[in-house]
Amino acid sequence: MTLKITLLTHFKEIPKKSNTGRLVLEVLGEAAEQIRWDRLNPPAELLEEIASGSVALVYPGAADEDEVDLSGIKQFVVIDSTWHEARKIHQRSPYLQQVRRVSLKPAGKSRYNLRKNQKESGLCTAECVIELLRATGYAAKADQLEECFLANMRPETAVRRRQQLSETGLPL
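Heads up, the sequence shown is in my numbering, so the first residue is 2 and it goes up one at a time.
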C-alpha cells in the first residue's frame with residue numbers, strides 16, 4: 002500500500018476505548034501512523050512531508066466542496082479527536098492551515114455509537130479512513146477496516162436501551 006494515513010491525535014484521545022484511531026493503526030499497520038499533537042512542538046517529519054506538497058488534511062470546509070480531487074495525494078492527515086478538540090487543533094496549528102484540505106462526502110450517516118453528542122454530519126476517525134480508502138482505490142482494506150469498526154460498535158439494541166434509560170432520567 003503506497004498511501005499513508007497520519008493520525009494527528011490529541012493526547013486525551015489515545016487511552017480512550019472509544020477511540021477508533023486504534024482500529025486504523027491495527028488494520029493498516031505500517032501504512033498508518035499516529036502522531037501525538039503538540040501545540041508548541043509541531044512534528045518535524047510531518048512538516049517536511051507537508052512541504053513536499055503531496056499531503057492533504059481531511060477536514061470539513063475544503064475550498065471547493067463540489068469537487069474532491071484526490072490526485073497527487075500520497076498522505077492524508079486525519080485529526081483524531083473529538084470534534085470540539087479537532088477544531089482547536091486546527092485553529093492552533095498554523096501548519097495545518099497551509100495544507101490542502103479535502104472534505105469527504107460519505108454515502109450515509111455515521112454508525113459510530115460509542116459516545117454521546119456526536120455531530121450528525123460527522124464521521125469518526127475510522128469512518129473517515131474507510132471513506133478515504135474507498136476513494137483512493139483500496140476497497141479491500143476499506144472493507145477490512147469497516148468490518149473491524151462495526152465489530153467494535155455497540156449492538157443497536159444496546160444503544161436504543163441506553164437512550165430509553167437516559168430519557169427516564171435514571172442513572173445509567
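Cβ atoms here follow ideal geometry from the backbone N, Cα and C, with glycine treated the same way.
Keep in mind the model is a prediction, meaning the values are calculated, not measured.
Exposure of residue i, with buried meaning 16 or more beta-carbon neighbours within 10 Å
| i | result |
| --- | --- |
| residue 40 | exposed |
| residue 141 | exposed |
| residue 151 | exposed |
| residue 85 | exposed |
| residue 7 | buried |
| residue 68 | In this predicted model, residue 68 has a pLDDT of only 49, less than 50, meaning its place in the structure is not dependable; the value taken from the coordinates is given anyway. Result: exposed. |
| residue 127 | buried |
| residue 108 | exposed |
| residue 113 | buried |
Beta-carbon proximity check, residue i vs residue j, cutoff 7 Å
| i | j | result |
| --- | --- | --- |
| residue 80 | residue 9 | yes |
| residue 103 | residue 33 | no |
| residue 137 | residue 71 | yes |
| residue 148 | residue 131 | no |
| residue 129 | residue 59 | yes |
Pick from the options that is closest to residue i, judged by C-alpha positions
| i | options | result |
| --- | --- | --- |
| residue 47 | 100, 143, 22 | 100 |
| residue 49 | 23, 38, 96, 17 | 96 |
| residue 25 | 89, 5, 114 | 5 |
| residue 55 | 77, 36, 45, 35 | 77 |
| residue 61 | 123, 11, 128, 134 | 123 |
| residue 83 | 44, 2, 45, 22 | 22 |
| residue 43 | 98, 59, 31, 2 | 98 |
| residue 37 | 53, 155, 110, 94 | 94 |
| residue 31 | 133, 51, 3 | 3 |
Bridge partners - residue i, DSSP secondary structure assignment
| i | result |
| --- | --- |
| residue 35 | 8 |
| residue 101 | 57 |
Proximal residues to residue i (C-beta, below 7 Å), its chain only, five neighbours per side dropped
| i | result |
| --- | --- |
| residue 18 | none |
| residue 111 | 119, 123, 124, 125, 128 |
| residue 87 | 80 |
Same chain, Cβ closer than 6 Å to residue i, five either side skipped, listed in chain order
| i | result |
| --- | --- |
| residue 20 | 14 |
| residue 135 | 143 |
| residue 145 | 28 |
| residue 12 | 37 |
Spatial neighbours of residue i in its chain, beta-carbon cut-off 8 Å, leaving aside the 5 residues before and after
| i | result |
| --- | --- |
| residue 154 | 112, 113, 114, 115 |
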